[in-house]
Every structure is written in structure tokens, then in C-alpha cells.
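Colleague: The sequence shown begins at 27 in our numbering and counts up one residue at a time. All C-beta atoms, glycine included, are put in the ideal place defined by N, C-alpha and C. None of the values given here were measured: they were computed from a predicted structure. Right, I'll just put the structure down here and ask away after.
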Amino acid sequence: MKTTEELERKLEIAKDWLPRYTGTQIDDFGDYLLLTNFQNYVEMFAEKFNCNVNGIGKPMPSATNSAGLSIINFGIGSANAATIMDLLSAKNPKGVLFLGKCGGLKKSTEIGHFILPIAAIRGEGTSNDYYPPEVPALPSFKLHKFVSNKITGRKMEYRTGVVYTTNRRLWEWDEEFKKYLRKIGAIGIDMETATLFIVGYANQIARGALLLVSDLPMIPEGVKTEKSDKYVTKKFVNLHLEIGIEAMTEIGTMGEKIKHFQY
Numbered sequence: 027m028k029t030t031e032e033l034e035r036k037l038e039i040a041k042d043w044l045p046r047y048t049g050t051q052i053d054d055f056g057d058y059l060l061l062t063n064f065q066n067y068v069e070m071f072a073e074k075f076n077c078n079v080n081g082i083g084k085p086m087p088s089a090t091n092s093a094g095l096s097i098i099n100f101g102i103g104s105a106n107a108a109t110i111m112d113l114l115s116a117k118n119p120k121g122v123l124f125l126g127k128c129g130g131l132k133k134s135t136e137i138g139h140f141i142l143p144i145a146a147i148r149g150e151g152t153s154n155d156y157y158p159p160e161v162p163a164l165p166s167f168k169l170h171k172f173v174s175n176k177i178t179g180r181k182m183e184y185r186t187g188v189v190y191t192t193n194r195r196l197w198e199w200d201e202e203f204k205k206y207l208r209k210i211g212a213i214g215i216d217m218e219t220a221t222l223f224i225v226g227y228a229n230q231i232a233r234g235a236l237l238l239v240s241d242l243p244m245i246p247e248g249v250k251t252e253k254s255d256k257y258v259t260k261k262f263v264n265l266h267l268e269i270g271i272e273a274m275t276e277i278g279t280m281g282e283k284i285k286h287f288q289y
């Protein structure tokens, strides 16, 4: 158990670092945020709302629209995911939704499908600095429930299941690792979701993830390439961003209260 003095010191550091990393003052962030690890999401957001991209050249550029919704590109990997969720404790947002991409691991999951993960397996190791390995990495149910309603309201389907989060970016050649992934039955694989869930839990931040299946890495022809990534970006990214914007813009007024108690 951390002492009050330690927690106050942590908050003091986060308040100094969040503006330094993002180029945005704490009070200029909205109460609800979108997180991504792709700069084009931030640029598309800024173009949609005719707002500025702040922190260009800094580690985590961001943008905030006139309605008070913010988006941050925190970069790739679990260490960056942990960092942004720690720094956001300085803002104490009401809800955070990660718009990420993942590899589909099952035959029922195709490129362009959306996944709302019910949990994430903590294969990255970063989250072990926050809680023991037996603590599950979970999203905030009511946030995911609202995002689900937004997807089905468009008469679209989505997938749900457990995703596996790893620190390994290049593993598609490793047949033993692929055997392991088949054994555990995960629906998707990424590098951030479990960390975001655990560090969000540690900081009492309501969090969720809407993942876009961008590749099918279990088969040779499904491994992501520059060409295939451009196809996914052109065909699916705008919709991915639109759903996230709609959900996190409306959840404060139309959704159930996300958190009813202190952890």
C-alpha cells in the first residue's frame, strides 16, 4: 500500500509531465479522451473539428475539439501505454477509450472487424510493475456497454473475447509462439491493451478499448505489410475514429454512470 505522501509525489510529477509530453495544459484536456498510437488518427480528428494539433515534435501529440473531447497519440508499446495512463492521473478523466489496431488470431475474425475485448492477457510484463500477474486486465464494463450500443446502433457487428498483449512486435516467424496463441484461445493480439487496462485500474480511470483488426498474422499471407496497412487505413480507419468520437462525446450525457464507487 502506497503512503499518502508517495501518492501526492506521484501526482505532482504527473502534473508536471503531462503538459511536457503532450504540449497541452492539463485544464485544456477534456473529461473524456480517445487514445491511439497512430498520428494520422490525431490529424484526422483535428481536420474533422478544425482544431489544432498540439505538441508536434513532442512524444505524445494531442488535439481537443470545441466540445471538449481530446485525443492523444501516446506511441507504440506497453511502456508508453503505462506512461500515458499514469500521466492522465493528473487530469483524472471520466473515461478513456483506446482506438488501437490488433492482429486477428481466429478464423472468425477478419480484417476490418472491430473487437471489444472483455479482458486482456498480460503477456507484456509491464503491468507486473503495478499488480501481481494473477490480477486480470479488464475494461470498465459500462464504458464498453455504451460503445457496444453505438456499434449496434449503426447495424454493425463486432467481435468480443480475450486479447493477448505482448511486448514482441516481430513474432510472426515463431511457430512455437503461434502454437501458444492457439492454445490460449485469444481472439486478437496487440501491444497495449492489457497495460492500459491494468494501469487505468491502478489510477482509478475508467477505460476501454475498441480494436480494429488490421492483419491476420497466424497465416503467412496475413502478415501486415506496408501495402496492406494502407488498405486498412483507407477503408476502415475513418469509421473506427467516428465510432470512438461518437461514443466518447455522448457517454457523459447519454450513458450510465461509469463508476459508482471507489476502488
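In whole angstroms, give me the CA-to-CA distance for LEU37 and PHE223.
Modeller: Roughly 19 Å separates the two Cα atoms.
Colleague: I need the straight-line Cα distance from ASN80 to VAL68, nearest angstrom please.
Modeller: Those two C-alpha atoms are separated by around 10 Å.
Colleague: Grouping DSSP H, G and I as helix and E and B as strand, with all else coil, what is TYR257?
Modeller: Note: TYR257 maps to helix in three-state DSSP.
Colleague: Does the beta-carbon of TYR156 have 16 or more other beta-carbons within 10 angstroms, so that it is buried, or is it exposed?
Modeller: With 16 or more Cβ atoms within 10 Å of its Cβ, TYR156 is classed as buried.
Colleague: Kindly list the residues whose CB is nearer than 6 Å to the CB of GLU247, restricted to its own chain and excluding five residues on each side of it in sequence; keep chain order.
Modeller: Excluding positions up to five away in sequence, the list is empty.
Colleague: At which residues does the alpha helix (DSSP H) containing ASN106 begin and terminate?
Modeller: Note, ASN106: alpha helix (DSSP H), 104 to 113.
Colleague: Please report the distance separating the alpha-carbon of GLY179 from that of GLY56.
Modeller: Near 25 Å, if we compare the C-alpha coordinates of GLY56 and GLY179.
Colleague: Please classify MET182 as buried or exposed, where buried requires at least 16 neighbouring CB atoms within 10 angstroms.
Modeller: MET182 is exposed by the Cβ-count criterion.
Colleague: To the nearest angstrom, report how far apart THR186 and HIS139 are at their CA atoms.
Modeller: Near 10 Å, if we compare the C-alpha coordinates of HIS139 and THR186.
Colleague: Determine the DSSP secondary structure at VAL173, reduced to helix, strand or coil.
Modeller: Residue state, collapsed to three classes: helix.
Colleague: Which of helix, strand or coil does DSSP assign to ILE147?
Modeller: In the structure shown, ILE147 sits in a strand (DSSP, three-state: E or B).
Colleague: Of the choices ALA273, LYS176, LYS209, THR275, whose alpha-carbon is the least far from that of VAL188?
Modeller: If we check each option's Cα against that of VAL188, LYS209 comes out closest.
Colleague: Return the chain-ordered ranges of every beta strand (DSSP E) run that is complete within the region 216 to 285 and spans a minimum of 3 residues.
Modeller: Complete beta strand (DSSP E) runs here, min 3: 233 to 241.
Colleague: What separation, rounded to the nearest whole angstrom, lies between the Cα atoms of MET70 and TYR184?
Modeller: Cα-Cα distance, rounded: 23 Å.
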